[in-house]
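Okay, structure first, notes after.
Chains as they are written, first to last, in this note's numbering: chain A, 1 to 115; chain B, 1001 to 1113.
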């Protein structure tokens, strides 16, 4: 089985711009969750999508949004970028919804740098 | 918000030695999972232990869970240089706001050849 694929691998944007990140889950996985990883805050949960519905959202401003398509692929969008949005953004897929005893399979992430 | 806290923050050992990492958490959980991350890469799932289990083994890994103390430990036996990585514990809800996964700050393990 192919693993979780995240594109692009690296992104450099300037403040005020917006960005869209993509995640293709493992075939058959319907849950996709997104995480932000920074040296200061660690791994922070952004949101989870399951069968095209957002199930839960972490404590992030409305500039962070996402969606999931019928083939389970997911996109995450950040509008009006700020310097503090520089981070490694990870997506993970799982067979069941988050926390229901189903391991997460992570992609290698998108490294976003905001200048 | 972070739920788990790993201890120690960093650990340096010689190849062949055992490495023990601890994780504490604050609220009730469905399960606790351990992940490994090599620098700048995605996380790799190591082991999942359910809230009604006390111990689990997978190869050189041994995980224990004590729900009364809200703590878990990960033991890596006979460590190798390739085990050098950051290790995270993650707890699965449900929480009041809905289901999510909460990660600790991680333990940075260095195994010297």
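Cβ coordinates follow ideal geometry from the N, Cα and C atoms, glycine included.
Start-to-end residues for the beta strand (DSSP E) that takes in residue i
i	result
residue 55 of chain A	53-57
residue 1010 of chain B	1010-1014
residue 38 of chain A	31-38
residue 111 of chain A	110-114
residue 20 of chain A	19-24
Simplified DSSP assignment, three categories, for residue i
i	result
residue 1019 of chain B	strand
residue 1083 of chain B	helix
residue 104 of chain A	coil
residue 1093 of chain B	coil
residue 85 of chain A	helix
residue 1056 of chain B	strand
residue 1026 of chain B	coil
residue 2 of chain A	coil
residue 1108 of chain B	strand
residue 1067 of chain B	coil
residue 117 of chain A	Only positions 1 to 115 of chain A appear in the structure, and residue 117 of chain A is not among them; the question remains open.
residue 1078 of chain B	coil
Straight-line gap, residue i to residue j (C-alpha atoms, nearest Å)
i	j	result
residue 29 of chain A	residue 3 of chain A	11 Å
residue 114 of chain A	residue 18 of chain A	10 Å
residue 91 of chain A	residue 1017 of chain B	33 Å
residue 1066 of chain B	residue 1031 of chain B	12 Å
residue 20 of chain A	residue 73 of chain A	13 Å
residue 1077 of chain B	residue 82 of chain A	43 Å
residue 1079 of chain B	residue 1107 of chain B	15 Å
residue 1084 of chain B	residue 1112 of chain B	8 Å
residue 1082 of chain B	residue 1007 of chain B	21 Å
residue 5 of chain A	residue 46 of chain A	18 Å
residue 1054 of chain B	residue 33 of chain A	27 Å
residue 71 of chain A	residue 93 of chain A	13 Å
Determine, using beta-carbon pairs with one atom in the region 55-66 of chain A and one in the region 1008-1015 of chain B, whether at least three such pairs fall under 8 Å. No: the two stretches stay apart, fewer than three of their Cβ pairs being nearer than 8 Å.
Is it a yes or a no for the region 1029-1039 of chain B touching the region 1072-1089 of chain B, going by three-plus beta-carbon pairs under 8 Å? Yes: the two stretches touch, three or more of their Cβ pairs being nearer than 8 Å.
Inspect the CB distances between the region 38-51 of chain A and the region 106-113 of chain A and report whether three or more fall short of 8 Å. Contact between the region 38-51 of chain A and the region 106-113 of chain A is absent: fewer than three C-beta pairs spanning the two stretches fall below 8 Å.
Using 8 Å as the cut-off, can you tell me whether the region 1023-1032 of chain B makes contact with the region 83-94 of chain A, which would need three or more C-beta pairs spanning the two stretches below that distance? The count of Cβ pairs closer than 8 Å, one atom from the region 1023-1032 of chain B and one from the region 83-94 of chain A, stays below three, leaving the stretches out of contact.
Proximal residues, the region 1034-1057 of chain B versus chain A, C-beta separation under 8 Å: Within the region 1034-1057 of chain B, 1035, 1040, 1041, 1042, 1043, 1044, 1045, 1048, 1050 place their CB atoms closer than 8 Å to a CB of chain A, listed in sequence order.
Against chain B: residues of the region 27-39 of chain A by CB proximity under 8 Å: Of all residues in the region 27-39 of chain A, the ones placed with a Cβ closer than 8 Å to any Cβ belonging to chain B are 33, 35, in chain order.
Below 8 Å, how does it come out for the region 8-26 of chain A and the region 71-82 of chain A: are there three or more Cβ pairs, yes or no? Counting Cβ pairs under 8 Å, three or more are found: they touch.
Against chain A: residues of the region 1006-1023 of chain B by CB proximity under 9 Å: Listed in sequence order: no entries.
To be precise: take each residue of the region 1101-1113 of chain B, compare its Cβ to all Cβ atoms of chain A, and keep it if any distance is under 9 Å. Which residues remain? Only 1101, 1102, 1103, 1104, 1105, 1106 from the region 1101-1113 of chain B bring a Cβ to less than 9 Å from some Cβ of chain A.
Within 7 Å of chain B by C-beta, residues of the region 42-61 of chain A in sequence order: Of all residues in the region 42-61 of chain A, 42, 43, 45, 48, 55, 56, 58, 59 have a Cβ within less than 7 Å of some Cβ in chain B.
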